[in-house]
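Protein chains in written order, with our numbering: chain A, 1 to 186; chain B, 1001 to 1186. Just so you know, even glycine gets a beta-carbon here, dropped at the ideal spot from N, CA and C. These figures come from a predicted structure and were not determined experimentally. The structure appears right after this line, and notes come after that.
There are 2 protein chains.
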Amino acid sequence: MDHTSSWDDRALLLLGVLMNQSQHGYQINDFIERALCEVATMKKPTAYALLDRLAAARHISVHSEQEGNRPPRKVYSITDSGREVFTRLLRENLATFDAPTFAGDIGLMFLTYLPLPEAIAALKERLARIEALLDTTVRVPPHPNLSIDLAFDHLTALRRADRDWLRDTIRELEKRQMTTGANAQA
Amino acid sequence: MDHTSSWDDRALLLLGVLMNQSQHGYQINDFIERALCEVATMKKPTAYALLDRLAAARHISVHSEQEGNRPPRKVYSITDSGREVFTRLLRENLATFDAPTFAGDIGLMFLTYLPLPEAIAALKERLARIEALLDTTVRVPPHPNLSIDLAFDHLTALRRADRDWLRDTIRELEKRQMTTGANAQA
DNA sequence: TATAACATGTAACAAGTTACATGATTTC
DNA sequence: GAAATCATGTAACTTGTTACATGTTATA
């Protein structure tokens, strides 16, 4: 039942972009890379391949357009069946929570194999990177039809939590460092 | 410089497990699936393939053991060069922050295409799932050599932040629902 | 006139998973 | 004697990325 696969999310992304308006591949790719880049990623070949599959399943329709002598563009539009699929995938996505693992946690597990001062120094660098991300990333402006800003807000909340946890943890490790440092002196 | 690839993290995981003690493949797999499952994942074939590559690079050594008539076991031990690599990868991992995207955010971006009450209902289901995860997941007991509990603590902090954000967001959407509902009445 | 932007695609590769294949030993 | 555990592996598949190939039009 809970087989929310990766395909579902990719399809949801493309169908969602097409819900806004019919677009050709280049436009779709551009939109994802510019407007959605903070929240989602999908490379060109992935998009093209998926668009083909969605077209084969009749969830989107294709028609070619040509302006003057420019390269022809394939314009994709969502179909009724596509809208149905979109709504189902959207509901599923919103109702689901997938618990991912984080590469950064692997290091945490083995923290003890590094001398405490070095571990602290490394974590301080990590902290600096998160803080830099939180400082530099420009707030996403609201989109007329989409709630990209909501997703961005979510992402930011998670990053802030990450930052706060790291600050506390570093402080905790520094306490431990002082006591063990004193022991080493004795 | 910041090419903290997926390979690095996988290698770090295996080398870290072998830092604890020399083990054979089955044992390694077992340890990852049982002790580390909350924090990291790696399937058998992935582990075997990676162990081969690490052995080829002389970062781990292999020797066969056999007990009676049982199937022979290949015991892997970390070498000096392996310990060096491990330390480097560990430092890198700890100092790095990678900003992943979350599948759940795709739905958030397209929230507006669902009638508000349905969107709220779906998000409440998501919230229930996070809460269930936070309630049922048993606290990881401290490991003698590893700080698995630290990584688990980090994961839990992130999930709590996710839960809190969702609660606030649902409350916010419900406010909006009341005002638009009133408008629809008028 | 060079280079960036517009426009579509393919091929090769990398990473990881599932499913399969094999065979011994312990437990119910 | 069936099923779970111990023990190692391979083959095929899925997914997604990078790098390549092609050609036009606007811009510096």
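Between which two residues does the alpha helix (DSSP H) harbouring residue i extend?
i, result
"GLU131 of chain A", "116 to 136"
"SER6 of chain A", "6 to 20"
"ARG1070 of chain B", "Looking at the DSSP string, ARG1070 of chain B is not in any alpha helix (DSSP H), and its letter there is neither H nor E."
"ALA1103 of chain B", "1103 to 1109"
"LEU146 of chain A", "No alpha helix (DSSP H) contains LEU146 of chain A, which DSSP labels as neither H nor E."
"THR46 of chain A", "44 to 56"
State yes or no: is the C-beta of residue i within less than 8 Å of the C-beta of residue j?
i, j, result
"LEU1111 of chain B", "SER147 of chain A", "yes"
"PHE97 of chain A", "GLY1107 of chain B", "no"
"LEU166 of chain A", "ARG1091 of chain B", "no"
"ILE130 of chain A", "ARG163 of chain A", "yes"
"GLN21 of chain A", "TYR76 of chain A", "no"
"ARG1126 of chain B", "ALA95 of chain A", "yes"
"ILE60 of chain A", "GLY82 of chain A", "yes"
"LEU1089 of chain B", "ALA1161 of chain B", "no"
"ALA122 of chain A", "LEU173 of chain A", "no"
"ALA1055 of chain B", "VAL1062 of chain B", "yes"
"MET1109 of chain B", "LEU51 of chain A", "no"
"ARG1034 of chain B", "LEU1116 of chain B", "no"
"SER64 of chain A", "PRO72 of chain A", "yes"
How far does the beta strand (DSSP E) with residue i in it extend, from its first residue to its last?
i, result
"GLU1084 of chain B", "No beta strand (DSSP E) contains GLU1084 of chain B, which is instead part of the alpha helix (DSSP H) from 1080 to 1095."
"GLU38 of chain A", "GLU38 of chain A -> no beta strand (DSSP E), and no H or E assigned at all."
In three-state DSSP terms, what is residue i?
i, result
"HIS154 of chain A", "helix"
Is it buried or exposed, residue i, if we count other Cβ atoms within 10 angstroms and call 16 or more buried?
i, result
"ASP9 of chain A", "buried"
"VAL39 of chain A", "buried"
"MET42 of chain A", "buried"
"THR169 of chain A", "buried"
"ALA1047 of chain B", "buried"
"HIS154 of chain A", "buried"
"ARG1159 of chain B", "buried"
"MET1178 of chain B", "exposed"
"VAL1138 of chain B", "exposed"
"ASN69 of chain A", "exposed"
"ASN1093 of chain B", "buried"
"ASN29 of chain A", "buried"
"ALA186 of chain A", "Note on ALA186 of chain A: pLDDT 41, under 50, position unreliable in the model; no value is reported."
Could you round the C-beta distance between residue i and residue j to whole angstroms and report it? I think they count as a contact, below 8 Å.
i, j, result
"LEU1015 of chain B", "VAL1085 of chain B", "7 Å"
"ARG58 of chain A", "THR79 of chain A", "6 Å"
"PRO142 of chain A", "ASP135 of chain A", "The pair is not a contact, with the Cβ atoms about 21 Å apart (cut-off 8 Å)."
If you measure from the CB of residue i, is any heavy atom of the ligand PLP nearer than 7 Å?
i, result
"ARG1010 of chain B", "The ligand content of the structure shown is nil, which means the ligand PLP is not present either."
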